[in-house]
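If you want this note's numbering, it's the 1-based position in the sequence shown plus 34. Idealized CB from N, CA, C, for every residue including glycine. Quantities reported herein were computed from a predicted structural model and do not represent experimental measurements.
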Amino acid sequence: MRWRRAWTAKSNKLDTGFLMTRSIAAAFFCATALAVCMPLAATSAPPPSATTRATPAKPGTEPLSVGETTQQAVENGDGVAAIVNDTVITDYDLRQRVALYVATSGVRTTPDSLKQIHKQVLQQLETERLELLEAQKNNITVSSGDVDKALNNVMKDNNLTQDQLNTMLARNGVHVATLRAQFAAQIAWSKTVQQQYSDRIDVAAGDVDAELQRISENKNKTHFLVAEIFQAVDNPEDDAKVKKSMDDLEVQLRAGAPFQTVARQFSQNPTAASGGDLGVVVEGQLPKELNDELIAMRPGMVSDPIKSTGGYYILFLRSRQEGANTKVADTNDHVNPHPDSLPLARILFPVGPKPAKDLLTRVMDLAGQVRTHIENCDHLADIAHQIKGVVYMNLGTMRTADLSPEIQNALAQTASGETTTPFQSAAGVELIIRCDKAVTKVSAFRPPTRDEVEEQLFEERMGVLSRQYLRDLRRNAEIQLPGEGLFARHHKDDADNQQ
């Protein structure tokens, strides 16, 4: 049958609040309670021309930022970061997007790393501009309601009000229009691809039957819940540059940048819109080099850059499901809820034994938000470092009998690898984190329904067409950087074999 469902699944999950990961929450922490963090990027109010950079929007629609002409940039006195098909990406655009990325990723920058981030963000802005120009060419509009929905879900997922979100952005030097523009750009591209291809994709009943048969044959194999970052090598001459870009992204991930944020900003597959979410893949489904890496990974691990079909991948193994015939043991049989000793860490919000009631309320709320973003003890120091005045201590292995009654009571409500709820002590408000390894929960694979398979096949085919569409736009683009001659990205036909 012909499948005409709107492209609104993994490739267009703009309603899942993927932006607000633990690090953007940490950026918000800087703007509340204990202290005021230093801005992550210098900024100013948007220049007068900033409001003219978008195409005029009809009432109820979001402006799409397709840039000024070179002449307009000169007249407005805007610095030029790049020229894409005769439209300007200004220095202001670049500064804003770098500040947004640094704020939402939580990376600790150095002059060298910031220089590389500028380069990566500019490349992404170039791609985004090509997508927006194509959306404009096809008369695509994005409703303000769609962008509002995305922002509202971000705030809901992180217990933020509009004022709190605005405060967090402002303290990091980011104008709210920059965030809205990025949401609008992703929605516009998804709608462009959908308009071009959705009614051309046939998902026949026979295709679904064949896929269900394949799933049945593989139901006893391991299944992986995976996220990806992908960057294409459209031309063999670009291989080293793309590999370097992916190596730099890996460094940022190892430094604590959330995978979802990096994927959303820099991945070139449609899954970028959902933070790189690739869904469930079965052992043997991906190319051998990716499959071999997944088999060797444990949940929570991030791979090195892997060269595969079309370019380079970084994989994030979110979880794994064993074969459907796997007997799942009751993990409670192996857990001692009250051990005699525990490896512990402590995060202290030092407000003293008798803080003012309103201060105590704010700090308890802040501690509760911090708690929701602690996954293990690996990055506790980084989390605490982002909140001025907060004290982090690695307590090592402690006898539970030697701990204060408050800590013992709080720990009694936890399991391996968990964090206590915030509690008040003579020193202030505390979180105690158990650093013993959490018990791995083994789950067995659940076969998808027929509708889920049909949707997945549609998504896969749409993803292939989207990559081809973007590849063609890049090949025919004319991009000029300051100090460089104009060059056209026309690649040879043999690069098609890489997709």
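Exercise. So, using beta-carbon positions, are Val108 and Arg163 closer together than 7 Å?
Worked result: no
For this session: Within the same chain, show all residues whose beta-carbon is closer than 6 Å to that of Val314, passing over the 5 residues directly before and after it, in chain order.
Result: His257 and Leu259
Exercise. What residue from Leu515, Tyr503 and Gln514 has the CA that sits closest to Leu166's CA?
Worked result: Tyr503
Problem set entry | Where Leu400 sits in the DSSP three-state scheme | helix
Exercise. Thr124 and Gly113 look like a contact to me (Cβ under 8 Å); what is the Cβ gap, rounded to whole Å?
Worked result: Between Thr124 and Gly113 a beta carbon distance of about 6 Å is seen, short of the 8 Å cut, so the two are scored as contacting.
Exercise. If we call anything under 7 Å between Cβ atoms a contact, is Val242 one with Glu488?
Worked result: yes
Exercise. Out of Leu328, Ala449, Ser438 and Val498, which has the shortest C-alpha to C-alpha gap to Gln458?
Worked result: Ser438
Problem set entry | Option nearest Pro377 by Cα separation, candidates Thr434, Asp233, Asp392 and Pro333 | Thr434
Problem set entry | Nearest-angstrom beta carbon gap, Leu203 and Leu213 [assumed within contact, 8 Å] | Correct: roughly 6 Å between the Cβ atoms.
Problem set entry | Spatial distance of Cys469 from Ser177 (CA atoms) | 46 Å
Exercise. Short check: CB of Gly497 to CB of Pro321, under 7 Å?
Worked result: no
For this session: Compare the C-alpha of Ile96 against each of Thr175, Thr143 and Val155 and name the closest.
Result: Sequence check: residue 96 is Glu here, not Ile. The closest CA to that of Glu96, considering only Thr175, Thr143 and Val155, is found on Thr175.
For this session: Using only alpha-carbon positions, find the residue among Ala511, Asn510, Arg495 and Arg505 that is nearest to Gln228.
Result: Arg495
Exercise. Do the stretch 139-155 and the stretch 292-309 meet, that is, are 3 or more Cβ pairs less than 8 Å apart?
Worked result: yes
Problem set entry | Delimiting residues of the beta strand (DSSP E) encompassing Val534 | Given a span of 35 to 533 for the chain in the structure shown, any question on residue 534 remains unanswerable.
For this session: Can you tell me which of the three DSSP states Asp49 falls into?
Result: At Asp49 the pLDDT is 33, less than 50, meaning the model places this residue with poor confidence; the figure from the coordinates comes in the next sentence. Asp49: coil per DSSP, three-state reduction.
Problem set entry | Proximal residues to Ser279 (C-beta, below 7 Å), its chain only, five neighbours per side dropped | Gln154 and Gln265
Exercise. Can we say the stretch 326-341 touches the stretch 279-288, given the rule of at least three CB pairs closer than 8 Å?
Worked result: yes
Problem set entry | Asn443, enclosing alpha helix (DSSP H) - first and last residue | Pro439 to Leu445
For this session: Determine, using beta carbons only, whether Ala215 and Ser308 come nearer to each other than 7 Å.
Result: no
Problem set entry | Residue from Ala219, Tyr347, Val397 and Asp273 whose Cα sits closest to the Cα of Arg131 | Ala219
Exercise. Considering only residues of the same chain and omitting the five flanking positions on each side of Val463, which have a CB-CB separation below 7 Å?
Worked result: Phe383, Val385, Val397, Met398, Ala401 and Pro456
Exercise. Grouping DSSP H, G and I as helix and E and B as strand, with all else coil, what is Pro377?
Worked result: The answer is strand: DSSP assigns Pro377 an E or B state.
For this session: Would you mind working out which of Met335, Gly344 and Ser353 sits nearest Val316, comparing C-alpha positions?
Result: Ser353
For this session: Output yes or no for whether 7 Å exceeds the beta carbon distance between Ala137 and Asn206.
Result: Cβ distance < 7 Å, so Ala137 and Asn206 count as in contact.
Problem set entry | Short Cβ contact (7 Å threshold) for Asn325 with Gly318 | yes
Problem set entry | Residues that DSSP places opposite Gln514 in a beta bridge | Ile117
For this session: On a CA-only basis, which of Ala133, Val122 and Gln403 is nearest Thr161? Give me that one, please.
Result: Out of Ala133, Val122 and Gln403, the CA that lies nearest to the CA of Thr161 is found in Val122.
For this session: Determine, using beta carbons only, whether Thr226 and Glu262 come nearer to each other than 7 Å.
Result: No, they are not a contact pair.
Exercise. Taking just the CA atoms, how far does Val237 sit from Lys171?
Worked result: 28 Å
Problem set entry | Contacts around Ala306, its chain only, beta-carbon distance under 7 Å, and the 5 residues preceding and following it disregarded | Ala297 and Arg298
Exercise. If you draw a straight line from the C-alpha of Lys388 to the C-alpha of Gln442, how long is it?
Worked result: 21 Å
Exercise. Using CA coordinates, which residue listed in Glu323, Asp392 and Cys411 is at the minimum distance from Cys450?
Worked result: Here residue 450 turns out to be Ser, not Cys, going by the sequence shown. Considering only alpha carbons, the answer is Cys411.
For this session: Can you have a look at Ile221 and say buried or exposed, based on whether 16 or more other CB atoms are within 10 angstroms of its CB?
Result: buried
Exercise. So the beta strand (DSSP E) Met331 belongs to, where does it begin and stop?
Worked result: Premise fails: Met331 is in no beta strand (DSSP E) and is neither H nor E.
Exercise. How many Å lie between Ile513 and Leu351 at the Cα?
Worked result: 36 Å
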